[in-house]
Amino acid sequence: MDEVDRKILAELQDNGRLTVTELAARVRLSLSPCHRRLRELERGGAILGYRAVLDAGVVGLAFQALVFVTMRQEDRDTVAAFEQALVDIPQVIQAQRLFGDPDYLLRIATADLESFQRLYDEKLATLPGVQRLSSTLVMKHVVHERALPLEHR
């Protein structure tokens, strides 16, 4: 990946709706080489997809919580079952496996506290291998959906 590829990625992180013509002009390439580079970045996995970034409050999901999960058992089958179960819960908008304790960090979005409590009791607490759940409420997003820093310093 060279500097031109980084410029392409930076522009797309800033505005994923750019046309290839607009993108080419911004990175100072002609249309055809820009298009080739873009397709190669997609095929190579640097670009995972394109999506709209939504305002959770506007779409009725203003309540967010972080849930820390400590596993009772971490054998391969239990971890795989736990992670697949997370994928199947749409309110889990981010899930990360961690080194150390806790084992996972989940970001949850629901309409309100009551919806979160129901999700917590009926789904999260019943996930395979879970020993303990601990949660904290998100008060405010300070840095939200930031683009990846493409400068390597």
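Just so it is clear: in the sequence shown, position 106 is 106 by UniProt numbering, and no numbers are missing. We put the beta carbon where it would ideally sit given N, CA and C, even for glycine. Remember, predicted model here, so these are calculated numbers, not experimental data.
DSSP state of I89 mapped onto helix, strand, coil: coil
Selected residue, minimal CA-CA separation from P102, among F82, L23 and T70: When only C-alpha atoms are compared, the closest one is T70.
Cβ neighbours of G129 in the same chain (closer than 6 Å, five flanking residues each side left out): M71, R72, Q73, T78 and F82
Cβ-Cβ distance between L98 and L106 below 7 Å: no
Distance between Q131 and V53 (C-alpha atoms, nearest Å): Rounded to whole angstroms, the gap between the alpha carbons of V53 and Q131 is 34 Å.
Test item: CB-CB of A95 and L61 under 7 Å: no
Cβ-based burial, A125 [other Cβ within 10 Å; buried from 16]: exposed
Integer Cβ distance of E23 from V4, believed to fall under 8 Å: Checking the displayed sequence, the identity of residue 23 turns out to be Leu instead of Glu. Rounded to whole angstroms, the Cβ separation of L23 and V4 is 11 Å, and the two are not in contact under 8 Å.
Cβ-based burial, L38 [other Cβ within 10 Å; buried from 16]: buried
Beta-carbon gap between V67 and S115 smaller than 7 Å: Cβ atoms of V67 and S115: not closer than 7 Å.
Identity of the residue in L12, D55 and V87 nearest H35 by Cα: L12
A65 and L137 closer than 7 Å at C-beta: yes
For Q94: DSSP bridge partner residues: R107
Spatial distance of L18 from Y50 (CA atoms): 11 Å
V20 to L41 span [Cα, whole Å]: 13 Å
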